[in-house]
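Below is one structure, written out as structure tokens; comments come after it.
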Amino acid sequence: NPRKGNLPLSVCWIRNRGSGSRCVKLEKPRYQTKQAFKIMENEAKLDLILKKLTETDSKLVDLEKNSRADMLNLKTSVDSWKPQLEKKVTDLATTVGNLQLQFDQLQLLNKAEPKPDLTAQLGARNAAEIRAEVLGSHPQSPPPANGTNSILFSTPAPYFHDPAMRTAFTGSAVGTSTGLPPMPCPQFDGDNPQMWRENCEAYFDTYGVSPAHWVRIATLNFSGNASFWLQSVRSQLIGVTWVELCEKVCAKFSRDRHQQLIRQYIHIRQTGSVTEYVDKFD
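Going by the UniProt record's numbering, the sequence shown wraps up at 282, each residue one higher than the last.
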């Protein structure tokens, strides 16, 4: 009999010894085969993958819900801003249209009333007559009795409120009215203040600038270190005269120049001839 009871043949031993036979039951193996171990390992990996996929699906669902909520909030905000934005754009378009209309009207007025060429008029008439006409009740002051041409007795140049008239008479046109070539006011950058003062006084005297305007014209031509200094003390120069301004400028920049020369003298080394050394520090 290939089977004995319910046990398979592989675990049943049939012994035929002597008069009878009997079946011996063997215990079930307690170890796992390599194939069974690999199958169990793969099943564990599959379970882990399925678990991660489930978690990923859950996260994607939550992310989609949050994204929809954010998009809904954004749409609500944009819808609430849209009427205000449209109103502002409409107001801006109306303002630009009004400005364009005013600009067109100004252009039409300028074309309808052309201004005369002031430079041509000045060139056609005698320069001396124009100067006398513009000065009006400001006659030329007589020179001092000692025969010197003092700056204080120079004929003041008129101050024009009209930019066109001021440009025509001053600046480049000053040379035309005085018979001298046009020349800018001397610049001052902090170097040699005494020379700057003498040049400015000669310039004002030559072109007949009123002493009331000397301080303003001179300070407008400051540059470099002088402009930085002017910016720091501008509040202290309100109402100062020309002499007071020159004293402050000379006190500031002459001292700086003296200290600079002392520093150069301390570090000087004679590398050339004695004549070159004397010429440099004479």
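Even for Gly, the Cβ is constructed at its ideal location relative to N, Cα and C.
| request: Please report the Cβ distance between P193 and S254, rounded to the nearest whole angstrom; I am assuming they are in contact, meaning their Cβ atoms lie under 8 Å. | output: By 1-based counting over the sequence shown, the position of residue 193 is 193. By 1-based counting over the sequence shown, the position of residue 254 is 254. Going by Cβ atoms, the distance from P193 to S254 rounds to 6 Å, so yes, they are a contact pair.
- Between the Cα of R234 and the Cα atoms of C250, V243, R216, which residue gives the shortest distance? Sequence index remark: in the sequence shown, residue 234 carries index 234 (1-based). Nearest of C250, V243, R216 to R234, Cα basis: R216.
For W196, which of G208, V78, C250 has the nearest alpha-carbon? Stepping through the sequence shown from its first residue, residue 196 is reached at position 196. Checked all of G208, V78, C250; the closest Cα to W196 is C250.
_Buried or exposed, going by whether 16 or more other CB atoms sit within 10 Å of the CB of F204?_
Position 204 of the sequence shown, counted from the start, is the residue given in the question as residue 204. Taking all protein chains in view, the Cβ of F204 is crowded by 16 or more other Cβ atoms within 10 Å, so the residue is classified as buried.
Alpha carbon to alpha carbon, how far is K88 from K82? Give it in angstroms, no decimals. For the purposes of this step, residue 82 is taken as residue 82 along the sequence shown, with counting starting at 1. For the purposes of this step, residue 88 is taken as residue 88 along the sequence shown, with counting starting at 1. Computed Cα separation, rounded: 10 Å.
Fill in: Strand pairing of F222, partner residues [DSSP]
Your numbering for residue 222 matches position 222 in the sequence shown. According to DSSP, F222 bridges with F188.
For D62, the three-state DSSP class (helix, strand or coil): Residue numbering aside, residue 62 sits at position 62 when the sequence shown is read from its first letter. Secondary structure of D62 (DSSP, three-state): helix.
- Return helix, strand or coil for T275, following the three-state DSSP convention. Position 275 of the sequence shown, counted from the first residue, corresponds to residue 275. Note: T275 maps to helix in three-state DSSP.
How should F37 be labelled, buried or exposed, when 16 other C-beta atoms within 10 angstroms of its C-beta is the threshold for buried?
-> Against the sequence shown, residue 37 aligns to sequence position 37. Classification of F37: exposed, given that the 10 Å Cβ count is below 16.
- [ ] Pick helix, strand or coil for T241, following the three-state DSSP scheme.
- [x] For the purposes of this step, residue 241 is taken as the residue at position 241 of the sequence shown. The DSSP-derived three-state label of T241 is coil.
- Item | Anticipated Cβ contact below 8 Å, T206 with L180, distance rounded | As a working mapping, residue 206 is identified with position 206 in the sequence shown. As a working mapping, residue 180 is identified with position 180 in the sequence shown. Confirmed, Cβ separation roughly 7 Å.
Which residue comes first and which comes last in the alpha helix (DSSP H) that contains Q236? For this step, residue 236 is matched to residue 236 along the sequence shown. Membership of Q236 in any alpha helix (DSSP H) is not indicated, and neither H nor E is assigned to it by DSSP.
Tell me, to the nearest whole angstrom, how far the beta carbon of N221 is from that of C185; I am working on the premise that it is less than 8 Å.
-> Position 221 of the sequence shown, counting from 1, holds the residue named residue 221. Position 185 of the sequence shown, counting from 1, holds the residue named residue 185. Indeed they touch by this definition, with Cβ atoms about 5 Å apart.
What's the C-alpha gap between G171 and E86?
Counting from 1 along the sequence shown, the entry for residue 171 is found at position 171. Counting from 1 along the sequence shown, the entry for residue 86 is found at position 86. In this prediction, G171 scores a pLDDT of 41, lower than 50, which makes its location untrustworthy; the coordinate-derived value is nonetheless stated afterwards. C-alpha separation (whole angstroms): 52 Å.
Item to complete: State the DSSP-derived secondary structure class of I217, mapped to helix, strand or coil.
Response: Counting from 1 along the sequence shown, the entry for residue 217 is found at position 217. It is helical.
Report buried or exposed for V243, applying the criterion of at least 16 other Cβ atoms within 10 angstroms of its Cβ.
For the purposes of this step, residue 243 is taken as the residue at position 243 of the sequence shown. So V243 counts as exposed.
Using beta-carbon positions only, say whether D189 and G239 come within less than 8 Å of one another. Translated into positions along the sequence shown, residue 189 becomes position 189. Translated into positions along the sequence shown, residue 239 becomes position 239. No; because the gap between Cβ atoms is not below 8 Å, this pair is not in contact.
Roughly how many whole angstroms lie between the Cα atoms of L237 and H213? Taking the first residue of the sequence shown as position 1, residue 237 is located at position 237. Taking the first residue of the sequence shown as position 1, residue 213 is located at position 213. Their backbone Cα atoms lie some 14 Å apart in a straight line.
Worksheet item: Among the residues of its own chain, which have a CB less than 7 Å from the CB of N199, if the five just before and after it don't count?
Response: Walking along the sequence shown from the start, residue 199 turns up at place 199. Excluding residues up to 5 positions away in sequence, P186 lie with their Cβ nearer than 7 Å to the Cβ of N199 in the same chain.
* To do: Mark V209 as exposed unless 16 or more other C-beta atoms lie within 10 angstroms of its C-beta, in which case mark it buried.
  => Along the sequence shown, read from residue 1 onward, the residue named residue 209 stands at position 209. It counts as buried.
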